[in-house]
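Inspection log for the structure reproduced underneath, given as structure tokens.
Numbering (full-length UniProt numbering), first residue to last: 1 to 347.
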């Protein structure tokens, strides 16, 4: 019965000429149901869904007793790296930020991507104007130029920051003894046979045209150098098939014990505003619409992650439902979330 509903939902999304359009996969293992719209092996930039991969790597290192969530990032990266990243009320808290705070976005560290610099600009606005790359140190410097949002682990506070996961990527490299790309390949991609998933880097700029184009309104983006700068926080290329496989492993205990996921999802904090139904646990996002916002049609909560390019990867525990795909469109950002709601309500 769900297939006709999903087909109608997909048909209702109209895209500009030249846009790649909707790519979407829905699976329900408990019933054997599977449905796809678009090519299963068509690669696309998953954007911030990359953070789920980074979180998985960090949790693996914790399980191997190479790391604890209470460990200070400065003990691994050095006080010089962390200095100035969180100056609040005249005090520098940078050296006190922990791994757990980076994972949960409770560090208070500014977001290099969308927070405004002193000149009023943002990295996001810059890349929309012209393609350019940034180094790790440049993005750290941008973060230091911004005001911290709160002291680390301020009760009830969380703020979504790409800087947090950029730092976690460097921590993965420090503890794994190899590049983030190799750690990703050795620990996740190869064990799960994710053959169509890879990290977009300065060394793979020539593969940019292999990947589905992302639209900003009616304009296709051409930002290979920018995207190659975002590594552990947003530079993975994948497919719907591989994304579903990864998420099933993430929630199913293949990458780390299920007990770890229980801890990661035990507490949720709003990362934007009370009116935005997105919250964060430890390394994982929740999309949960409160009953007062949808009084007649209760929407089940979903865990996973989304991305700025209209990408989505979520598991709906109450329905045993996996959803992966992309609208390949940056604006409006609500587009992918409206789609998620309609899919969940179809079951």
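Glycine included, C-beta positions come from ideal geometry on N, C-alpha and C. Keep in mind the model is a prediction, meaning the values are calculated, not measured.
N- and C-terminal bounds of the alpha helix (DSSP H) containing residue 251: Locating residue 251 in the chain shown gives position 251, counting from the first residue. Here the alpha helix (DSSP H) through residue 251 covers 240-252.
Taking only runs of the alpha helix (DSSP H) that begin and end inside the region 117-153, which ones reach a length of at least 4 residues, in chain order? 123-129 and 136-144
Does DSSP put residue 112 in a helix, a strand or coil? Here residue 112 refers to the residue found at position 112 of the chain shown. Coil at residue 112, not helix or strand.
I'd like the list of long-range same chain contacts for residue 256, defined as Cβ closer than 6 angstroms, with 5 residues on each side in sequence excluded. Translated into the one-based positions of the chain shown, residue 256 becomes position 256. Taken in chain order, the residues that qualify are 59, 60 and 63.
Integer Cβ distance of residue 45 from residue 184, believed to fall under 8 angstroms: Counting from one through the chain shown, the residue named residue 45 turns up at place 45. Counting from one through the chain shown, the residue named residue 184 turns up at place 184. Wrong, their Cβ atoms sit about 15 angstroms apart, outside the cutoff.
In angstroms with no decimal places, state the Cα-to-Cα distance between residue 94 and residue 118. In the chain shown, residue 94 corresponds to position 94, counting from 1. In the chain shown, residue 118 corresponds to position 118, counting from 1. In a straight line, the C-alpha of residue 94 is about 19 angstroms away from that of residue 118.
Contact check, residue 284 vs residue 55, beta carbons under 8 angstroms: The residue labelled residue 284 in the question sits at position 284 within the chain shown. The residue labelled residue 55 in the question sits at position 55 within the chain shown. Yes, the pair counts as a contact, with Cβ atoms nearer than the cut-off.
Local Cβ density within 10 Å of residue 217, reported as buried at 16 or more and exposed below that: Translated into the one-based positions of the chain shown, residue 217 becomes position 217. The residue in question, residue 217, is exposed, as its Cβ has fewer than 16 Cβ neighbours within 10 Å.
Would you give the residue range spanned by the beta strand (DSSP E) that residue 302 belongs to? Counting from 1 along the chain shown, the entry for residue 302 is found at position 302. Counting along the chain, the beta strand (DSSP E) containing residue 302 begins and ends at 302-307.
Residue 147, buried or exposed, once every other Cβ within 10 Å from all chains shown has been counted against 16: Within the chain shown, the letter at position 147 stands for residue 147. Its Cβ having fewer than 16 others within 10 Å, residue 147 is exposed.
Using the C-alpha atoms, what's the distance from residue 327 back to residue 120? For the purposes of this step, residue 120 is taken as residue 120 along the chain shown, with counting starting at 1. For the purposes of this step, residue 327 is taken as residue 327 along the chain shown, with counting starting at 1. Answer to the nearest angstrom: the Cα atoms are 29 angstroms apart.
For a test of your reading of the model: does the CB of residue 231 fall under 7 angstroms from any non-hydrogen atom of the ligand COA? Yes or no. Among the ligands in the structure shown, none appear at all, so the ligand COA cannot be discussed.
May I ask which residues mark the beginning and end of the alpha helix (DSSP H) holding residue 74? Within the chain shown, the letter at position 74 stands for residue 74. Per DSSP, residue 74 belongs to the alpha helix (DSSP H) from 73-77.
Look at the alpha carbon of residue 12 and the alpha carbon of residue 265, and state the distance between them as a whole number of angstroms. Within the chain shown, numbered from 1, the residue matching residue 12 stands at position 12. Within the chain shown, numbered from 1, the residue matching residue 265 stands at position 265. Taking the straight line from one Cα to the other gives about 33 angstroms.
Could you check what DSSP says for residue 24 in three-state terms: helix, strand or coil? What you label residue 24 is simply residue 24 of the chain shown in a count that begins at 1. Three-state result, residue 24: strand.
Between residue 96 and the rest of its own chain, which residues show a CB-CB distance below 7 angstroms, the 5 nearest in sequence each way excluded? What you label residue 96 is simply residue 96 of the chain shown in a count that begins at 1. The residues are 72 and 152.
Measuring alpha carbon to alpha carbon, tell me which residue in 6, 22 and 4 is nearest residue 213. For the purposes of this step, residue 213 is taken as residue 213 along the chain shown, with counting starting at 1. Minimum Cα distance to residue 213 is reached at 22.
Excluding the 5 residues preceding and the 5 following residue 309 in the sequence, name in chain order all residues of the same chain whose CB lies nearer than 7 angstroms to its CB. For the purposes of this step, residue 309 is taken as residue 309 along the chain shown, with counting starting at 1. Counting only Cβ-Cβ distances below 7 angstroms, and skipping sequence neighbours, we find 45, 47, 214, 326, 328 and 330.
Inspect the beta-carbon positions of residue 232 and residue 50 and report whether they are closer than 8 angstroms. Sequence index remark: in the chain shown, residue 232 carries index 232 (1-based). Sequence index remark: in the chain shown, residue 50 carries index 50 (1-based). Yes, they are a contact pair.
Between the Cα of residue 239 and the Cα atoms of 324, 102, 165 and 103, which residue gives the shortest distance? If you number the chain shown from 1, residue 239 lands on position 239. That would be 324, whose Cα lies nearest to the Cα of residue 239.
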